[in-house]
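Okay, structure first, notes after.
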Amino acid sequence: MSNLNPLEVGMMFWAVRDTFDEIKTMDVRCGQLAIPGDVAITPEFTAKWKADLQAANFTVVTVFCVYNGEDYADIPTVENTVGFIPPATRAERLRRTIELSDFAAALGVGSIACHIGFVPHDKTHPNYIAVLDMVRRVCDHAATHGQTFALETGQEPAETLLEFFKDVNRSNLKINFDPANLILYGSDEPLPALRLLAPYLASVHAKDGDWPPKDNKSLGNERKLGEGSVNIPAFIKTLKEVGYQGQIFIEREAFDPTERITDMRSEVPYLKALI
Ligand code: MG
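Just so you know, we're using the numbering used here here: the sequence shown kicks off at 347 and counts up by one.
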């Protein structure tokens with residue numbers, strides 16, 4: 347099984363968008379592999395990843411599901427396009443999530459994850475009921491592979507997510523905690539949220555950012571690690587205090603590709619020094 351250390355630094359990276367050869371030069375031994383929605387999961391694709399990971403002695407901890415039609419332009423667009431919330435894409439995204447669970451299983455990966463979108467506060471809302479059912483189905487399928495299913499934080503306060511977890515009532519439902527998302531969406535203070543959600547942590551993103559303007563529309567800006575409002579040193583300290591034993595994955599998204607890769611590379615020594 348895994349030879350990884352608690353709090354080991356890894357990289358959140360993308361199939362197709364990133365090249366694995368580049369990721370391998372970043373002085374990390376593990377990562378989370380995001381699969382864009384338009385990538386066909388063929389036997390050849392699966393075999394190639396399996397061979398490349400083995401050859402590099404690189405461990406994928408999580409396969410991240412990203413769906414066709416998702417758009418993170420601003421908060422209303424996220425509400426309308428991301429995850430399990432939009433009714434029109436639910437069936438297709440359930441099918442895709444199950445396909446990626448099977449892909450992860452073929453690689454020996456023990457966790458899948460995604461953004462499910464904004465979970466409504468109102469438990470009687472049709473979206474709440476439908477998404478609850480969908481998450482249970484994914485959990486039950488993942489359980490057949492011995493996998494956890496991790497929901498990425500950010501689009502709702504920790505309290506709402508905690509209530510949702512109790513209602514789903516599946517032991518393999520977990521959290522991929524992203525401290526920056528809570529700030530970027532203006533949804534919660536990351537460090538108290540981390541303490542509240544600690545019993546459910548499967549994996550963690552190291553990402554930074556600033557609070558959004560108070561227009562209920564715009565997202566905050568992502569920042570280089572240590573330069574935003576998360577307080578990354580305090581975040582690492584809190585992870586230690588709550589006894590987190592998993593790995594910490596550097597993530598950069600909303601930047602031009604060159605700057606993104608350059609920043610990710612420079613964030614590895616920064617984070618390792620803190621830990
Ligand atoms: Mg994230």
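We put the CB at the ideal spot given by N, CA and C, even for glycine. Note that the structure is predicted; figures quoted are calculated from it, not measured.
> Count the other CB atoms within 10 Å of the CB of residue 365; is the residue buried (16 or more) or exposed (fewer)?
Replying inline: exposed
>> I want to check one thing, is the minimum distance from the CB of residue 551 to the heavy atoms of the ligand MG below 7 Å?
In response: yes
>> Using 8 Å for Cβ pairs, my map puts residue 414 next to residue 383. What's the rounded Cβ distance?
In response: 4 Å
> Of all the alpha helix (DSSP H) runs that stay within the bounds of the stretch 455-540, which reach a length of 4 or more residues?
Replying inline: 472-490, 504-514, 525-530
> How close, in whole Å, do the beta carbons of residue 578 and residue 552 come, if the pair is a contact with beta carbons under 8 Å?
Replying inline: 7 Å
> Who are the near neighbours of residue 689 in its chain, counting only those whose CB is closer than 8 Å to its CB and skipping five residues on each side?
Replying inline: Only positions 347 to 621 of the chain appear in the structure, and residue 689 is not among them; the question remains open.
> Any idea if residue 634 is buried or exposed, counting beta-carbon neighbours within 10 angstroms, 16 or more meaning buried?
Replying inline: Residue 634 lies beyond the stretch modelled for the chain, which goes from 347 to 621, so this question has no answer here.
> Where residue 616 and residue 422 are concerned, what is the direct C-alpha to C-alpha distance, given to the nearest angstrom?
Replying inline: 34 Å
> Going by the C-beta, is residue 527 closer than 7 Å to any heavy atom of the ligand MG?
Replying inline: Residue 527: yes, Cβ under 7 Å from the ligand MG.
>> For residue 374, list the residues DSSP reports as bridge partners.
In response: Paired residues: none, contrary to the question.
> Taking DSSP as the reference, what is the three-state secondary structure of residue 363?
Replying inline: coil
>> For residue 545 and residue 386, what's the separation of their Cα atoms in angstroms?
In response: 35 Å
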